[in-house]
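*Asks:* Residue 249 in numbering that gives the first Met the number 0 sits at position 250 of the sequence shown, and the numbers go up by one each step.
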Amino acid sequence: MPSTTTASLPTQQISLACAGHTRPVVQLSFSNTINNRYFLISACKDGKPILRDGATGDWLGTFVGHKGAVWSAMLGSDTSRAVTASADYTAKVWDAISGQELVSFMHGNIVKSADFAGSDESVATGSQDKAVRLFDVSRPDAPTTLATHDAPVRSVKWSAHRRLLISADAGRQIKITDLRSPAPASALEAPEPIASISLTGDGRVLSCAAGRRVLVWDADAFKLTRDFALAYDVSVAAINPARTRMVVGGRSDLLIRCCEFDSGELLDTHKGHHGSVHDACFSPDGHVYATGSEDGTVRLWQTNPGSEYGLWQYRKA
């Protein structure tokens with residue numbers, strides 16, 4: 000794991016720009032830590048998801064095979080597989096080591112989101128046709144419809160902690176589906192149209208960016224614990240593993256704001272992107288967060304600027 004030694008002199012936030020994409024970066028996801036290393040995967044409208052070293056942003060490989068914009072990209076629990084969702088009406092599972100396509104799941108409409116559900120052999124997808132489906136890798140032509148939304152599905156997230164599937168649509172609805180139960184999905188309601196949802200790495204906290212609000216639920220009981228009213232439109236709200244920081248992306252002002260999680264107090268504001276911030280997520284150790292933007296770049300930021308970590312190295316006086 001990279002050094003986290005604190006430098007003798009504090010410095011201002013310096014982000015690392017990760018090039019490689021040619022169109023807007025719409026979704027990001029860090030992997031779990033495996034053998035003291037973790038990875039970052041990015042989804043982009045250029046149709047070519049990229050795998051990077053999570054601590055440095057160094058390019059490791061590009062997944063080539065989609066014929067349309069890629070809206071979602073996730074890594075499996077042991078990082079050996081990746082799953083992507085695309086405007087070409089497919090979701091695909093890849094060998095994350097070789098980059099080889101393993102299986103393709105056909106849909107009748109644009110697929111906006113996909114995630115592994117319980118194991119790398121099961122994939123959940125959310126589509127423009129408002130359906131949430133579950134696919135078995137060994138039987139790609141026989142999906143099960145888990146839930147139906149009232150609006151196109153924007154995001155699906157697997158909560159390993161509770162073994163629940165969480166889906167959000169482009170309206171105001173979030174559905175929670177227990178794959179072990181035949182009961183219909185339960186639902187949460189956002190006060191404004193949903194821009195994105197995020198889960199902490201342990202699956203215990205769910206956040207939702209909706210209009211000028213950030214809502215936070217305890218993902219054990221799905222009890223609303225925080226409701227922050229903001230003065231700007233929000234595209235994403237990500238919470239660090241320690242539950243001390245929240246990173247909020249601006250939908251129109253291009254800014255990234257770092258806030259105190261409990262109170263929502265603004266701690267710092269960062270500039271760097273030249274387009275709307277579409278997504279943000281924290282590394283599994285919480286030392287780094289990544290942002291993806293309309294400008295086609297991924298940027299890495301330090302949660303605690305001035306510490307030595309990855310490519311951030313500082314000369315001591």
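Yeah, the Cβ is synthetic: ideal placement off N, Cα and C, and Gly gets one too.
#1: May I have the straight-line CA-CA distance separating THR296 from PRO181, to the nearest angstrom?
#2: Spatial neighbours of GLY67 within its chain, please: C-beta separation below 7 Å, excluding the five flanking residues on both sides.
#3: Whole angstroms is fine: what's the gap from GLU120's alpha carbon to ASN35's?
#4: I'd like to confirm the pairing. Which residues does DSSP put opposite GLY125 in its beta bridges?
#5: Per the DSSP calculation, ARG298 is bridged to which residue(s)?
#6: Excluding five sequence neighbours on each side, which residues of the same chain lie with their C-beta closer than 6 Å to the C-beta of ALA123?
#7: Grab the span of the beta strand (DSSP E) containing ILE96 for me, first residue to last.
#8: Considering only the alpha carbon of each residue, which of GLY98, SER126 and SER118 lies closest to PHE104?
#9: Taking 9 Å as the threshold (C-beta atoms), are LEU198 and LEU187 in contact?
#10: Hey, how far is the Cα of TRP300 from the Cα of LEU15?
#11: According to the Cβ coordinates, are VAL213 and ASP226 closer than 9 Å?
#12: For VAL213, list the residues DSSP reports as bridge partners.
#13: Going by other Cβ atoms of all chains shown within 10 Å of its Cβ, with 16 needed for buried, is TRP216 buried or exposed?
#14: How many Å lie between CYS17 and GLN26 at the Cα?
#15: Which residues mark the beginning and the end of the beta strand (DSSP E) in which VAL82 is found?
#16: Would you mind stating whether LEU310 and THR32 have Cβ atoms separated by less than 9 Å?
#17: Per DSSP, LEU27 is paired with what?
#18: Hey, could you find the ends of the beta strand (DSSP E) LYS174 is sitting in?
#19: Quick check on LYS156: does DSSP put it in helix, strand or coil?
#20: Using a 10 Å radius around the Cβ and a threshold of 16 neighbouring Cβ atoms, would you call VAL63 buried or exposed?
#21: What is the rounded straight-line gap between the Cα of ASP284 and the Cα of PRO142?
#22: Mapping DSSP to helix, strand and coil, what is SER195?
#23: Considering THR21, what are the terminal residues of the beta strand (DSSP E) in which it resides?
#24: Could you check whether the Cβ of GLN172 sits closer than 8 Å to any heavy atom belonging to the ligand MG?
*Replies:* Taking the definition as stated:
#1: 42 Å
#2: GLY46, SER85, ALA86 and ASP87
#3: 25 Å
#4: SER112 and VAL131
#5: ALA16 and THR290
#6: ASP114, ALA116, LEU133, VAL155 and LEU164
#7: Counting along the chain, ILE96 falls outside any beta strand (DSSP E), and DSSP gives it neither H nor E.
#8: SER126
#9: no
#10: 7 Å
#11: yes
#12: ALA208 and PHE227
#13: buried
#14: 14 Å
#15: 80–85
#16: no
#17: SER41
#18: 172–177
#19: strand
#20: exposed
#21: 35 Å
#22: strand
#23: No beta strand (DSSP E) holds THR21; DSSP gives it neither H nor E.
#24: You won't find the ligand MG in this model; it holds no ligand whatsoever.
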